[in-house]
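In what follows, a structure is listed as structure tokens, so that the remarks can point back to it.
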């Protein structure tokens, strides 16, 4: 019996080995193929997730060409003095919105990259550019061409610089589309990189590192106290005869770039029937209710006025604030820079030389 058991064990084992071998051979044919499929599928899923993670989210808006042509096609813009310009009207379109967020008028000369000439915001949120008045810009350009020496250096915010250069042919310190600060609704903050990329590709006038650094220095100068700021402006123009042009809207842009130095807000008020006294009361009430210390106003149209407010004395002591007409400032008496021209929201100053002319 024992012998029989011993003789049967190898058979059982042998039978088991034979079955195992059959299963192993089948697995050799099936499992590697299944593994390849699973691995390949895993790689595809991983690759797709990686693509979604790494690929940039598109900008939440795009420029849509509506109309283009010469200045005769856009007579309402008042550009008769610049007959060689090509104009295009663009709408800022956001998917899912029936109406454009803004309407923009771009200008170019020949094959040069376009320059933003006029921006009309149609939404309640600041987006990309700040509203302006083209009539004031064209008057500014004419005044510069008449009163500023051709070889003088001109400092201004980068968008104003490009406009001045286009309309006057003068040399401005900033010539590129710097997109600083990036103005957008708070809901778009997560797409800031995509917006920067889209703006850079659309305008085709990116800045190099040196110009970007100079613009940061310009912002520092405007945010400094008047005496120090004027010295910094002189350094940027390297001793040349130089002028600086600022606009009330620069306050908002500088506040975004240097919030630790300039605390600023703005609000639009209706101007109904030219009721200036009623407007003044509304602005003062808003100032008191929101604990602002001073304000300045700028007319956007016949029916709309924008008021800019400063929150504290430190903001009011910046060079930019001192150059603009707040209730607590006196631009005509400013010594750090010398007022030479004012039109609407634009103020142009000469930057004095480091030493008086008599040495």
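Numbering (the working numbering), first residue to last: 33 to 391.
Positions of the beta carbon are idealized from the N, C-alpha and C atoms, including for glycine.
Keep in mind the model is a prediction, meaning the values are calculated, not measured.
So who's on the other strand from residue i, going by DSSP bridges?
i: residue 139; result: 119, 147
i: residue 96; result: 123
i: residue 204; result: 186
i: residue 326; result: 342
i: residue 101; result: 119
i: residue 134; result: 124, 153
Can you give me the start and stop residues for the beta strand (DSSP E) that residue i sits inside?
i: residue 379; result: 378-383
i: residue 161; result: That residue, residue 161, is in no beta strand (DSSP E); it is neither H nor E in DSSP.
i: residue 299; result: 296-302
i: residue 232; result: Run containing residue 232: none in the beta strand (DSSP E); it sits in the alpha helix (DSSP H), 224-235.
i: residue 333; result: Careful: residue 333 lies outside any beta strand (DSSP E) and carries neither H nor E.
i: residue 274; result: 274-279
Check for me: the alpha helix (DSSP H) holding residue i runs from which residue to which?
i: residue 313; result: 308-321
i: residue 346; result: 345-348
i: residue 373; result: Premise fails: residue 373 lies in the beta strand (DSSP E), 370-375, not in any alpha helix (DSSP H).
i: residue 284; result: 282-289
i: residue 253; result: 241-255
i: residue 262; result: 258-269
i: residue 353; result: 351-354
Tell me which same chain residues have a C-beta within less than 6 Å of the C-beta of residue i, skipping the five on either side of it?
i: residue 189; result: 282
i: residue 288; result: 213
i: residue 98; result: 121, 123
i: residue 389; result: Low per-residue confidence applies at residue 389: pLDDT is 48, beneath 50, and the placement is therefore not dependable, though the value from the model is reported in the following sentence. If we look at residue 389 and ignore the five residues flanking it on each side, it has no Cβ neighbours.
i: residue 294; result: 255, 286, 287, 347, 350
i: residue 361; result: 354
i: residue 113; result: none
i: residue 89; result: 223, 226
i: residue 385; result: none
i: residue 100; result: 120
Using a Cβ-Cβ cut-off of 8 Å (strictly less than) and excluding sequence neighbours within five positions of residue i, which residues of its own chain qualify?
i: residue 335; result: 302, 303, 304
i: residue 102; result: 115, 117, 118, 119
i: residue 141; result: 116, 117, 118, 198
i: residue 224; result: 214, 216
i: residue 314; result: 301
i: residue 56; result: Unreliable positioning characterises residue 56 in this predicted model, as indicated by a pLDDT of 36, which lies under 50. The coordinate reading is nonetheless provided below. Result list for residue 56: empty, nothing under 8 Å.
i: residue 238; result: 208, 209, 232
i: residue 228; result: 211, 214
i: residue 134; result: 123, 124, 151, 152, 153, 154, 155, 159, 160, 161
i: residue 163; result: 151, 152, 153, 281, 332, 338
i: residue 241; result: none
i: residue 322; result: 297, 341
State the CB to CB distance for the pair residue i and residue j, rounded to an integer number of angstroms; the pair is presumed to be in contact (CB under 8 Å).
i: residue 105; j: residue 119; result: 7 Å
i: residue 247; j: residue 210; result: 6 Å
i: residue 215; j: residue 158; result: 5 Å
i: residue 372; j: residue 179; result: 7 Å
i: residue 243; j: residue 208; result: 6 Å
i: residue 364; j: residue 355; result: So it is not a contact: roughly 11 Å between Cβ atoms.
i: residue 185; j: residue 203; result: 7 Å
i: residue 339; j: residue 298; result: 6 Å
i: residue 358; j: residue 296; result: No, residue 358 and residue 296 are not in contact; Cβ-Cβ is about 11 Å, not under 8 Å.
Leaving out five residues before and five after residue i in sequence, what residues of the same chain have Cβ atoms less than 7 Å from its Cβ?
i: residue 383; result: 262, 265, 266, 269, 274, 275, 276, 369
i: residue 167; result: 110
i: residue 378; result: 168, 172, 277, 279
i: residue 200; result: 173, 176, 177
i: residue 236; result: 145
i: residue 192; result: 277, 279
i: residue 149; result: 137, 138, 139, 166, 195
i: residue 251; result: 286, 289, 290
i: residue 125; result: 93, 94, 96, 132
i: residue 345; result: 325
i: residue 381; result: 275, 276, 355, 369, 370, 371, 372
i: residue 181; result: 273
I want to see whether chain D comes within less than 8 Å of residue i, judged by CB atoms only; does it?
i: residue 270; result: Absent from the structure: chain D. Only one protein chain is present.
Check: Does the pairing of the stretch 222-238 with the stretch 322-332 give three or more beta-carbon distances under 8 Å?
Finding: no
Check: Counting Cβ pairs, one atom from each stretch, are 3 or more of them under 8 Å apart for the stretch 247-261 and the stretch 351-365?
Finding: yes
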